[in-house]
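Chemist: These protein sequences, in sequence, are chains A and B.
Per our numbering, the very first residue in the first sequence carries number 240; after that it's consecutive.
Per our numbering, the very first residue in the second sequence carries number 58; after that it's consecutive.
Where is the CB? At the ideal position from N, CA and C, for every residue including glycine.
On a predicted model such as this, the values are computed, not experimentally measured, just so you know.
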Amino acid sequence: MLEIIEALLASTLEYFPALLFGALGATLSERSGVVNVGVEGMMRAGAFCAAVAAITVPTPVGVLAGMAAGGALAAVHGYLSIRWRSDQVVSGMALNLVALAGGTYLLEALFGPNGTTPIQQLTRWHLPFLSQVPLLRAFSGHSALTWLALTLPFAFHLMLYHTPLGLRLRAVGDKPHAVATLGLSVPGLRWLAVVGGGMFAGLGGAALSTAVLDRFEQHTPAGLGFMALAATVFGRWTPLGAFFASLFFAAGNALRIGLASSAPGLAEVVPQGFLLALPYLLTLVLLAFQGKRTHSPAALGTPYEQESR
Amino acid sequence: MGDRLRAVLPSVLSVLLALAVCWVFIALTRDAETATGAYLHMLRGGLGDWSAYLDGGRVTLLTRPLGEAAIKAALLLFTGLSVAVAFKVGLFNIGAQGQMLVGALAAAVVGAQLTLPSALHIPAALLAAGLAGGLWALIAAVLKLTRGVHEVISTIMLNWVAVSLVDNWLAVGPLRAGAGTNLSTTGTEQIAPTAQLPRLMEDLSRLHLGFPLALAVALAVWVWLARLRQGFETRAVGLGAEAARAAGIPVGRRTLEAMGLAGALAGLAGAVLVLGTEFRYPGSLGAPYGFDGIAISLIGGNHPLGVALSALFFGVLRAGGTRMQLLGVHKSYPELIQGLALLFVAGRLIWLALLRRRRLAPPAPHKQPEPSPEVPRA
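1) Could you pull the DSSP bridge partners for B:H265 from this structure?
2) What in chain A is Cβ-close to B:G404, meaning under 7 Å?
3) Verify the CB distance criterion: does A:S330 have a CB-CB separation below 9 Å to chain B?
4) Can you confirm whether the segment 272-284 of chain B touches the segment 343-362 of chain B when touching is taken to mean that 3 or more C-beta pairs between the two stretches lie within less than 8 Å?
5) On the DSSP bridge assignment, give the partners of A:H381 in chain order.
6) Between B:Y346 and chain A, is there a C-beta pair that is closer than 9 Å?
7) Would you kindly work out how many angstroms separate the C-alpha atoms of B:A109 and B:G103, rounded to a whole number?
8) Give every residue of the same chain whose Cβ lies closer than 6 Å to the Cβ of B:P255, excluding the five residues on either side of it in the sequence, and list them in chain order.
9) Apart from the five residues just before and just after A:L259, which ones in its own chain have a Cβ nearer than 6 Å to its Cβ?
10) Candidates A:F513, A:F393, A:S379, A:G342: which alpha carbon is nearest A:T251's?
11) Helix or strand or just coil, what does DSSP make of A:G474?
12) Express the C-alpha separation of B:V167 and B:R233 in angstroms, rounding to a whole number.
13) Does any C-beta atom of chain A lie closer than 9 Å to the C-beta of B:R302?
14) A:G310 and A:M398 - do their beta-carbons sit closer together than 9 Å?
15) Have a look at A:A394, A:W364, A:L431 and flag the residue whose alpha-carbon is nearest the alpha-carbon of A:G412.
16) On the three-state DSSP scale, how would you describe B:F149?
17) For B:L393, which residues from the same chain have a beta carbon less than 7 Å from its beta carbon, with the 5 sequence-adjacent residues on both sides left out?
18) Using a C-beta to C-beta distance shorter than 8 Å, which residues of chain A count as neighbours of B:Q395?
19) Could you give the first and the last residue of the continuous alpha helix (DSSP H) run that contains B:L369?
20) Please work out which residues of its chain come closer than 6 Å, Cβ to Cβ, to A:T477, disregarding the five sequence neighbours upstream and downstream, and give them in chain order.
21) Can you list, in chain order, the residues of its chain with a C-beta nearer than 7 Å to that of B:G372? Leave out the 5 residues immediately preceding and following it.
22) Answer with yes or no whether the minimum CB distance from A:E347 to chain B is below 9 Å.
23) Here's the rule: buried if 16 or more other CB atoms are within 10 angstroms of the residue's CB, otherwise exposed. What is B:T26?
24) I'd like to know if B:H387 contacts chain A, where contact means its C-beta is closer than 9 Å to some C-beta of that chain.
25) If you measure between the beta carbons of A:A450 and A:L361, is that distance less than 9 Å?
26) By DSSP, does A:P299 sit in helix, in strand, or in coil?
27) Mind checking B:V116: buried by the 16 CB within 10 Å criterion, or exposed?
28) Which bits of chain B does A:T522 rub up against, with CB to CB less than 7 Å?
29) Using 8 Å as the cut-off, can you tell me whether the segment 418-437 of chain A makes contact with the segment 258-273 of chain A, which would need three or more C-beta pairs spanning the two stretches below that distance?
30) Give the secondary structure of A:E279 by DSSP, where H, G and I count as helix, E and B as strand, and everything else as coil.
31) Taking B:Y346 as the reference, give the member of B:R337, B:R375, B:F82 with the closest Cα.
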């Protein structure tokens with residue numbers, strides 16, 4: 240029993256960083272008032288560029304390239320939605336489609352259909368003091384990104400709730416006109432949040448192609464970006480909420496993979512399709528229970544116009 | 058600049074720019090000759106090989122490609138209309154994929170399990186698909202109205218629930234062709250011949266009844282939105298739910314109707330796929346037609362007739378895409394063009410600003426009333 244829990248925990252921690260970075264990226268962007276449904280596309284760009292860069296440069300540098308790619312895609316989103324006040328959901332979906340088709344095209348053109356050439360995975364940290372202890376053993380053997388994912392939400396929380404910058408970021412998503420009255424730049428703060436959020440999303444994608452896998456494949460990130468978006472909403476647009484929501488979804492992911500492979504007898508009682516649908520059904524149910532009390536930033540999705548109101 | 062022109066021009070320019078950008082992209086990665094050749098191949102694959110035909114080739118050189126383009130266009134039109142109708146009531150339907158999937162399954166089951174004369178069998182299968190898709194979409198609408206769950210999130214989740222339950226359970230389990238035997242097929246039973254959509258050109262092409270059906274539905278949706286009171290009220294809800302409620306419009310009811318209709322349209326896309334070309338539920342839809350619907354709808358300005366034009370255009374590109382592979386250019390290229398065109402459409406205010414600057418060059422225009430950054434009106 241203990242071993243099963245240990246295996247599930249280890250598997251949870253594999254997928255957790257990608258989800259968390261995506262969710263934190265979306266949280267950052269949406270806290271400033273800019274909807275970001277382009278997380279999936281930004282993750283895909285990050286995963287692709289990180290894997291391609293890591294063929295020639297050390298993998299950690301490749302991860303940085305992935306972050307830059309996510310940030311670049313987010314800059315397009317920022318240009319359309321901040322500078323030109325475009326519909327933010329439309330712009331985000333457009334980026335998803337471009338990343339999907341563009342990634343497919345570039346992958347096939349450069350490497351063929353089976354994914355990029357294998358790269359050096361990010362170093363996995365085997366921690367001697369943890370690998371002796373049952374259960375905690377699951378924490379050993381992950382890359383630095385997992386540890387970053389376990390700590391970053393708390394740093395993020397401090398930034399958002401205990402620094403002047405955090406106050407401004409929250410304010411710009413709730414009452415941009417009030418922020419403007421203080422002589423602060425609404426577009427400037429939103430640019431910071433959107434591009435920063437895109438870099439986190441890119442990091443999430445890079446976590447998939449450099450830590451979970453050792454290459455970029457056609458289906459990376461396979462909807463994990465949309466799941467991260469759901470974690471943002473489920474986490475009520477807070478870093479710690481995103482932390483627990485991502486952990487929950489990653490556990491759901493691990494559970495269904497684990498159940499499908501480790502308990503073949505179960506598949507005869509409960510159809511595998513149900514297990515696969517489980518995390519999504521749970522999300523729907525939980526979102527429904529979360530109820531009508533809205534926690535979204537007040538100005539979310541509303542383009543800022545200086546002269547309105 | 059007239060209102061109509063202002064609604065249409067950004068889309069046209071966006072598509073042209075996307076075509077140009079992709080041409081440059083191929084020219085840079087390969088060379089200019091390949092790029093031009095690839096586009097010509099794409100057109101031949103979608104509109105027919107006219108030069109070969111005029112040189113004395115068979116008429117199928119024209120009818121086959123045109124038929125394929127029309128088949129693709131019918132699917133894109135149905136999912137595009139689905140997204141457009143939801144937009145009109147102010148909802149972003151990202152779930153057309155899932156709705157199409159349950160619709161396709163329903164059509165396959167009715168098509169295979171019932172024994173009916175053709176005149177009843179086809180309508181029954183279409184109805185089942187529409188109902189299934191509509192009910193699937195209504196889950197999201199009800200969650201939105203009663204629990205405040207954002208439809209973008211709920212429809213994405215419902216997509217995956219549909220894929221998991223249908224592709225990973227029903228189509229490989231209870232509904233698999235020859236379930237309970239040792240046959241290792243994927244997908245459901247073949248539908249009965251009475252449920253197949255009749256071909257319109259016999260053996261000259263695969264073109265079937267689904268294409269005129271899609272055009273007729275687009276026309277009906279247009280009439281509903283532009284001419285009927287219900288359609289007007291639906292649009293009013295989309296433009297501002299509070300104002301509509303104040304005017305005495307039953308907001309909840311119009312929302313449910315529109316979302317149900319959106320799901321039904323996506324379900325019909327699934328039915329047309331199954332009854333027209335696949336003749337069974339094949340185990341997976343094979344392509345993200347539902348997501349294509351988002352692009353088709355927005356490029357078509359969410360107007361039923363605009364959506365029809367955009368579906369026809371991208372139907373031609375899609376059908377021609379496979380032809381590009383003859384030159385070693387990947388067949389996903391039309392999707393890239395489609396995605397870029399959507400991205401450029403998202404920046405339609407940029408287009409409008411550029412156009413205005415050209416027009417009003419001499420007297421520096423003082424701030425003109427901007428059109429709302431929302432997606433264009435009908």
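Modeler: So, to answer that:
1) The sequence position of residue 265 of chain B within the second sequence is 208, counting from 1. Its beta-bridge partners are B:R256.
2) The residue you call residue 404 of chain B lines up with position 347 of the second sequence. In chain order: L319, W323, S325.
3) Counted from its first residue, the first sequence places residue 330 of chain A at position 91. It does: the Cβ of A:S330 has a partner Cβ on chain B nearer than 9 Å.
4) yes
5) Taking the first sequence and counting its residues from 1, the one referred to as residue 381 of chain A is at position 142. Partner(s): A:W364.
6) Residue numbering aside, residue 346 of chain B sits at position 289 when the second sequence is read from its first letter. Chain A, which has no Cβ nearer than 9 Å to the Cβ of B:Y346, makes this no.
7) Numbered from 1 along the second sequence, position 52 holds the residue referred to as residue 109 of chain B. Numbered from 1 along the second sequence, position 46 holds the residue referred to as residue 103 of chain B. If I take the Cα positions, the gap works out to 14 Å.
8) Against the second sequence, residue 255 of chain B aligns to sequence position 198. Excluding sequence neighbours, B:P255 sits near L266.
9) Here residue 259 of chain A refers to the residue found at position 20 when the first sequence is read from its first residue. Hits under 6 Å: A388, S485.
10) Within the first sequence, the letter at position 12 stands for residue 251 of chain A. Here the closest residue by C-alpha is A:S379.
11) For the purposes of this step, residue 474 of chain A is identified with residue 235 of the first sequence, where counting begins at 1. It is coil, neither helix nor strand.
12) Locating residue 233 of chain B in the second sequence gives position 176, where the first residue counts as 1. Locating residue 167 of chain B in the second sequence gives position 110, where the first residue counts as 1. Going by the C-alpha atoms only, they are around 14 Å apart.
13) Locating residue 302 of chain B in the second sequence gives position 245, counting from the first residue. It does not: the Cβ of B:R302 has no partner Cβ on chain A nearer than 9 Å.
14) Within the first sequence, residue 398 of chain A is the residue found at index 159, counting from 1. Within the first sequence, residue 310 of chain A is the residue found at index 71, counting from 1. No, the pair does not count as a contact, with Cβ atoms beyond the cut-off.
15) The residue labelled residue 412 of chain A in the question sits at position 173 within the first sequence. For the residues A:A394, A:W364, A:L431, the minimum Cα distance to A:G412 belongs to A:L431.
16) Counting from 1 along the second sequence, the entry for residue 149 of chain B is found at position 92. Judged by DSSP in its simplified three-state form, B:F149 adopts coil rather than helix or strand.
17) The residue you call residue 393 of chain B lines up with position 336 of the second sequence. Closer than 7 Å at Cβ, skipping near neighbours: C79.
18) Counted from its first residue, the second sequence places residue 395 of chain B at position 338. Those within 8 Å of B:Q395 in chain A are L336, A340.
19) Position 312 of the second sequence, counted from the first residue, corresponds to residue 369 of chain B. 361-381 is the extent of the alpha helix (DSSP H) around B:L369.
20) Taking the first sequence and counting its residues from 1, the one referred to as residue 477 of chain A is at position 238. Cβ within range, chain order: n/a, list empty.
21) Here residue 372 of chain B refers to the residue found at position 315 of the second sequence. Taken in chain order, the residues that qualify are A126, A127, K129, A130, L133.
22) Looking up residue 347 of chain A in the first sequence gives position 108. Interface criterion met: the Cβ of A:E347 is under 9 Å from a Cβ in chain B.
23) Outside the modelled stretch of chain B, which goes from 58 to 435, sits residue 26 of chain B, for which no answer is possible.
24) The residue given as residue 387 of chain B occupies position 330 in the second sequence. Output row for B:H387: interface = yes.
25) Start at 1 with the first residue of the first sequence, and residue 450 of chain A comes out as number 211. Start at 1 with the first residue of the first sequence, and residue 361 of chain A comes out as number 122. Contact flag set, yes.
26) On the first sequence, position 60 is the one that residue 299 of chain A refers to. Here A:P299 sits in helix by DSSP.
27) Counting from 1 along the second sequence, the entry for residue 116 of chain B is found at position 59. Classification of B:V116: exposed, given that the 10 Å Cβ count is below 16.
28) The residue labelled residue 522 of chain A in the question sits at position 283 within the first sequence. Using a Cβ-Cβ cut-off of 7 Å, A:T522 is close to M214 of chain B, given in chain order.
29) yes
30) As a position in the first sequence, residue 279 of chain A is number 40, starting the count at 1. It is helical.
31) In the second sequence, counting from the first residue as 1, residue 346 of chain B sits at position 289. Of B:R337, B:R375, B:F82, the residue nearest in Cα terms is B:R375.
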